[in-house]
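Here numbering that gives the first Met the number 0 is used: position 6 in the sequence shown is 5, and no number is missing along the way.
Where is the CB? At the ideal position from N, CA and C, for every residue including glycine.
The structure displayed is predicted, hence computed values, not measured ones.
Single-structure report; data block below.
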Amino acid sequence: MNTRVEAVSALEQRVGHVFEDRDLLERALTHSSVGDGARKVRHNERLEFLGDRVLNLLAAERLLALDADAREGVLSPRLAALVNGKACARVARSIGLAPAMRLSGSATKIGARESDGVLGDACEALMAALYIDGGLEAARTFFNMAWQEEFDTPANARGSDPKTRLQEWAQSLGLPLPGYVVVKRTGPDHAPIFTVAVTILGHDPEHGEGRSRQEAEKAAALTMLLKREG
Numbered sequence: 000m001n002t003r004v005e006a007v008s009a010l011e012q013r014v015g016h017v018f019e020d021r022d023l024l025e026r027a028l029t030h031s032s033v034g035d036g037a038r039k040v041r042h043n044e045r046l047e048f049l050g051d052r053v054l055n056l057l058a059a060e061r062l063l064a065l066d067a068d069a070r071e072g073v074l075s076p077r078l079a080a081l082v083n084g085k086a087c088a089r090v091a092r093s094i095g096l097a098p099a100m101r102l103s104g105s106a107t108k109i110g111a112r113e114s115d116g117v118l119g120d121a122c123e124a125l126m127a128a129l130y131i132d133g134g135l136e137a138a139r140t141f142f143n144m145a146w147q148e149e150f151d152t153p154a155n156a157r158g159s160d161p162k163t164r165l166q167e168w169a170q171s172l173g174l175p176l177p178g179y180v181v182v183k184r185t186g187p188d189h190a191p192i193f194t195v196a197v198t199i200l201g202h203d204p205e206h207g208e209g210r211s212r213q214e215a216e217k218a219a220a221l222t223m224l225l226k227r228e229g
């Protein structure tokens, strides 16, 4: 058994699903660089498109189950933190996706196998393949297992305070500091909900909600950071 065959087998064990359609799994693991344009190769870009939608559905479903009273303005940045490319790349590494992938020799030489973008896209493609081969329940079982650490570790705990990170990002581009404005306050005096808009010159404003102004500012900053990071 060669190294890649072993890696694919180990991946299936970690995912918890043995694929009936082996071609589907192979396509999910095939990067568009394979063949280097010399021949037609079925790669994972179309599966990535579907997997992104499946991932968003499962993440939103679980967020609602975990906090039935959370408002949309609070849920949106949490959802974005769970489904962005960096989160998918972390999951891909945790399940050993990289050694199971097919890439061209040239792409491998330049380090594409360890790229956040390549790994994140392959993780989404794998999600789609699970959905097609085993149904939504198979995809959900994998998601609940593989994304557990993402739920356990809030996005703003992966680095410095999101307001500080956003300020540093703006300064790195020579832009003025971010501005924060309370655009709405709802709820009773003893349990208010603040909605804050953050603005940076040349970029669309983003919004966040929280039970204090500071919490709402952090949520808005995190949303803008995630939009910038993709």
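query                                                                                                                                                                                       : result
So the candidates are V7, E208, G178 and H42; which of them puts its Cα closest to the Cα of L102?                                                                                          : H42
Going by DSSP, which residues form a beta bridge with E148?                                                                                                                                 : Bridge partners of E148: none, in fact.
Looking only at DSSP bridge pairs, what is V181 linked to?                                                                                                                                  : V195
Starting from the C-beta of A79, find all residues in its chain whose C-beta is less than 7 Å away, skip the five residues before and the five after it, and write them out in chain order. : T222 and L225
In or out: P187 buried (at least 16 other Cβ within 10 Å) or exposed?                                                                                                                       : exposed
What does a CB cutoff of less than 7 Å around S211 pick up in its chain, not counting 5 residues either side in sequence?                                                                   : F193
For D120, which of helix, strand or coil comes out of DSSP?                                                                                                                                 : helix
Taking DSSP as the reference, what is the three-state secondary structure of P187?                                                                                                          : coil
Buried or exposed: which applies to K217, given that a residue is buried once 16 or more other Cβ atoms fall within 10 Å of its Cβ?                                                         : buried
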